[in-house]
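Colleague: One structure is given below, represented as structure tokens, and several questions about it will come after.
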Amino acid sequence: MSTGVVTPEAVLLELPTAGTATRAFARLIDVAIQAVLFLGLFLLAAVALPPTVSPLLVGLSISFTVLLAVPILTEVLWRGRSPGKATMGLRVVGTDGAPETPRQAVVRGLVALVDLYLSLGFVAIVTSASTPGSQRGGDLAAGTVVIRSRALTASATPVAFLPPAGYEAYVATLDVGALDDEDFALVRETLLRSRALAPQRRNAIHSELAESVRRRLEHQLPGPMDPGTWLICVASAHQQRQGGLLADAAAGLAPVAESRPQRR
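This is the structure in structure tokens:
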């Protein structure tokens with residue numbers, strides 16, 4: 071199954087979405103870890119806190135930490151993953167393919183209190199089974215989707231992104247160390263699949279993804295840049311760090327992507 075951004079031109083930027091069953095297994099792993107964490111924190115509180123402290127207050131505090139704070143922080147710090155999602159090769163991203171933002175993680179976490187915990191997962195299962203992208207209520211509210219990140223990375227045909235003309239020196243100094251293979255796969259797919267879009271729509275998608283990646287890299291642009299051109303610079307810098315593919319492209323042994331976004 072796949073989902074993506076449906077544009078006014080009826081072009082679909084496809085993402086390999088995770089099915090309901092796969093997400094359920096990932097959630098079971100997370101729930102098991104949360105149960106162990108809850109028990110550990112409760113035993114620690116029983117030993118460390120004085121008996122005058124209200125057990126109800128302790129239980130509510132631990133529940134807040136385990137069910138809300140920890141899942142949100144985990145997704146923010148682990149780039150849309152949880153232990154269960156990582157085990158199953160899943161990842162949360164925006165419906166436009168951009169990495170999940172902290173705001174989206176907070177919205178997903180808050181809605182999870184209802185559609186996952188209060189309903190014992192029933193609402194989440196019904197919702198994800200009835201939406202094209204297997205989105206639960208938290209995904210619909212946050213504008214996110216859970217993708218099979220392993221499938222996205224593994225299915226990518228090698229394509230070299232050479233530095234755009236005039237940006238060779240900039241690409242050589244661009245630090246993309248915070249960009250992992252899955253982040254690069256999202257940038258790659260966006261650049262390749264958005265070619266068929268009208269310029270205005272393509273630029274909007276590029277702008278949103280470029281800003282998300284820029285924040286991820288904590289990078290300050292040297293000046294005004296076309297967002298699509300900057301994404302190509304990022305892709306090229308990532309491939310330069312990996313080595314091999316750009317050398318193959320220079321020797322004519324690998325396909326080369328366009329050095330600038332298509333315009334109409």
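Take 71 as the starting number for the sequence shown in our numbering and just add one per residue. We put the beta carbon where it would ideally sit given N, CA and C, even for glycine.
Using C-beta distances below 7 Å, list every residue in its chain close to Asp100, excluding the 5 sequence neighbours before and after it, in chain order.
Modeller: Excluding positions up to five away in sequence, the list reads Ser152, Pro153 and Gly154.
Colleague: For Val216 and Val304, I'd like the C-alpha separation in whole angstroms.
Modeller: For Val216 and Val304, the distance between alpha carbons rounds to 24 Å.
Colleague: I think Arg97 touches Ser198, with their Cβ atoms under 8 Å apart; what is that distance to the nearest whole Å?
Modeller: With a Cβ gap of about 10 Å, Arg97 and Ser198 do not count as contacting.
Colleague: To the nearest angstrom, how far is the alpha carbon of Leu249 from that of His308?
Modeller: If you take the alpha carbons of Leu249 and His308, they lie about 8 Å apart.
Colleague: Is the region 125-140 close to the region 174-189, with three or more CB pairs under 8 Å?
Modeller: Segments in contact, yes.
Colleague: In the DSSP assignment, find the alpha helix (DSSP H) that holds Val193 and state where it starts and stops.
Modeller: Segment Phe192 to Ser200, the alpha helix (DSSP H) holding Val193.
Colleague: According to the Cβ coordinates, are Pro172 and Val163 closer than 8 Å?
Modeller: It is not a contact, given that the beta carbons lie outside the stated cut-off.
Colleague: Since Thr260 and Leu291 are thought to touch, with beta carbons under 8 Å apart, how far apart are those beta carbons, to the nearest angstrom?
Modeller: 18 Å between Cβ atoms; not a contact.
Colleague: Quick check on this structure: which residue in Asp245, Leu111, Leu109 and Leu267 has the alpha carbon closest to the alpha carbon of Leu287?
Modeller: Selected option, being the one with the closest Cα: Asp245.
Colleague: Measuring only the C-alpha atoms, how far is Ala88 from Leu107?
Modeller: Spanning the two alpha carbons is a distance of roughly 26 Å.
Colleague: Would you tell me roughly how many angstroms separate the C-alpha atoms of Glu252 and Pro120, rounded to the nearest one?
Modeller: Taking the straight line from one Cα to the other gives about 47 Å.
Colleague: Who are the near neighbours of Phe95 in its chain, counting only those whose CB is closer than 8 Å to its CB and skipping five residues on each side?
Modeller: Correct list, in chain order: Gly154 and Met158.
Colleague: Using the beta-carbon count (16 or more within 10 Å), is Thr243 buried or exposed?
Modeller: Counting Cβ neighbours within 10 Å, Thr243 comes out exposed, since fewer than 16 surround it.
Colleague: What did DSSP end up calling Thr122 once you bin it into helix, strand or coil?
Modeller: In this structure, Thr122 counts as coil in the three-state DSSP scheme.
Colleague: Can you have a look at Leu130 and say buried or exposed, based on whether 16 or more other CB atoms are within 10 angstroms of its CB?
Modeller: Under this definition Leu130 is an exposed residue.
Colleague: I'd like to check one pair, Ile132 with Val176: are the Cβ atoms closer than 8 Å?
Modeller: No; because the gap between Cβ atoms is not below 8 Å, this pair is not in contact.
Colleague: Just to confirm the assignment, what range does the beta strand (DSSP E) spanning Gly179 have?
Modeller: Careful: Gly179 lies outside any beta strand (DSSP E), inside the alpha helix (DSSP H) at Pro172 to Ala182.
Colleague: Go ahead and pull the three-state DSSP assignment for Pro86.
Modeller: Strand at Pro86.
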